[in-house]
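**Student:**
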Amino acid sequence: MDSDKLLGEFLRARREVTSPEQVGLVDVGPRRMPGLRREEVAMLAGVSTDYYVRLEQGRERHPSDQVLGSLVRALDLGPAAATHLYELAFPRPRQWRTVGRADRVNPDLRQMMHNWPRTPAIACNRWLDVLAANPLVAALHGGLEYTDNLVRLIFLDPAAHEYYRDWEQISRAQVAYLRAVAGADLNDPNLIELVGELSLKSADFRRIWARHDVGIPCKVRRLRHPEVGDLDLTCEAFSVASAPGQQLLTFQAEPGSPSAHSLALLGSIAAVTDRSPGLVPPVST
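Residues in the sequence shown are numbered from 4 upward in steps of one, following the numbering used here.
And the structure:
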């Protein structure tokens, strides 16, 4: 990925998905392209159209803090997208990560996850590769094929559109999170491999990746399980202090709700099928 063009690509993508009404402009007629015109963004940001065009084209890659702040307001960027914009303008040097120590899950964390019979739990890395999952997750993902990576699951699994009752919302949120954790580090080999595979195999991924959305993970999971029916779960993400880049994801239902009863039933199924004394590895069922 051409790092010299990342800032311009981000600005162009966000301009094209920002409506005039969203930023307080009156739409005076039909537009050849969706979103804002370049001259409108330039006006809202208080810069010349020529300067803004140079930003989008990658011929100007070092805007001032004042200009960046004006662009945040002009494009109505949220906190995560604003942080991403600044990182693209002032990228920090990073070391590429390969599969190794960062992808090994601490045995104590594995055991703790295994001891949660009513709480699905996943340990994953920054690219949402599943490094470990407790038996309840195996039951929750029953019948799915791409359980090794949570983004592959959404875009490549044939059952994903049925499994996720709000597929469009969760797919956009996961891609936005992927961009947020990547920042300007889009030349990481692991990310290149993941984005390349998804771009090749999924038109939906190509469409959503091109939006350049940046955000936080979606907390709500509205699922349809083949055995226990609909589940409404809340996802919480915790950073693993002993392994930078790793996260612990937990999924819980409202106490006393139908989803809580369904999750308890899945726990019973998991208890019957779990034969191992330790934590199950990532499951591909």
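Every residue gets a Cβ at the ideal spot worked out from N, C-alpha and C, and that includes glycine.
Please read these numbers as outputs of a predicted model, since none were measured by experiment.
#1: What residue from R35, R40, K8, Q250 has the CA that sits closest to T21's CA?
#2: Helix, strand or coil: how does DSSP classify Y55 here?
#3: Taking only three categories from DSSP, how would you classify R1?
#4: Which ranges does the alpha helix (DSSP H) cover as unbroken runs of at least 4 residues, wholly within the stretch 145 to 229, from first to last along the chain?
#5: Tell me, please, which residues DSSP counts as bridged to T21.
#6: Terminal residues of the continuous alpha helix (DSSP H) containing T86?
#7: With a threshold of 16 other CB atoms inside 10 Å of the CB of E257, please say whether the residue is buried or exposed.
#8: One question on the structure: do D235 and S271 come within less than 9 Å of each other, judged by their Cβ atoms?
#9: Run through the stretch 103 to 127 for me and flag every whole beta strand (DSSP E) of 3 or more residues, listed as ranges in chain order.
#10: Exposed or buried, what is E171 when buried is set at 16 or more other beta-carbons lying within 10 Å of its beta-carbon?
#11: Keeping to the same chain, check which residues put their C-beta closer than 6 Å to that of T253; ignore five residues upstream and five downstream.
#12: For S265 and L203, I'd like the C-alpha separation in whole angstroms.
#13: The beta strand (DSSP E) that contains G232, what's its start and end?
#14: Given a cut-off of 9 Å, decide if I219 and A16 are closer than it, judged by their beta-carbon atoms.
#15: Consult DSSP for L252 and reduce its assignment to one of helix, strand or coil.
#16: Pull up the distance between the alpha-carbon of G146 and that of P229, whole angstroms please.
**Tutor:** To lay it out plainly:
#1: For T21, the closest C-alpha among the options R35, R40, K8, Q250 is that of R40.
#2: DSSP, reduced to helix, strand and coil, places Y55 within a helical segment of the structure shown.
#3: The structure shown has nothing for residue 1, since the chain only spans 4 to 288.
#4: For the stretch 145 to 229, the continuous alpha helix (DSSP H) assignments of 4+ residues that do not extend past its boundaries occur at 153 to 159, 163 to 166, 170 to 185, 192 to 204, 206 to 212, in sequence order.
#5: Its beta-bridge partners do not exist; DSSP assigns none.
#6: Element bounds for T86: 82 to 92.
#7: With a 10 Å radius around the Cβ and a threshold of 16 neighbouring Cβ atoms, E257 comes out exposed.
#8: Their beta carbons are not under 9 Å apart, which means D235 does not touch S271 by this criterion.
#9: Counting only runs of 3 or more, we get 124 to 127.
#10: Exposed.
#11: Within the same chain, T253 has close Cβ partners T122, A124, E239.
#12: The alpha-carbon separation between S265 and L203 amounts to approximately 36 Å.
#13: First-last of the beta strand (DSSP E) with G232: 232 to 242.
#14: Contact flag unset, no.
#15: In this structure, L252 counts as strand in the three-state DSSP scheme.
#16: Rounded to whole angstroms, the separation of the alpha carbons of P229 and G146 is 8 Å.
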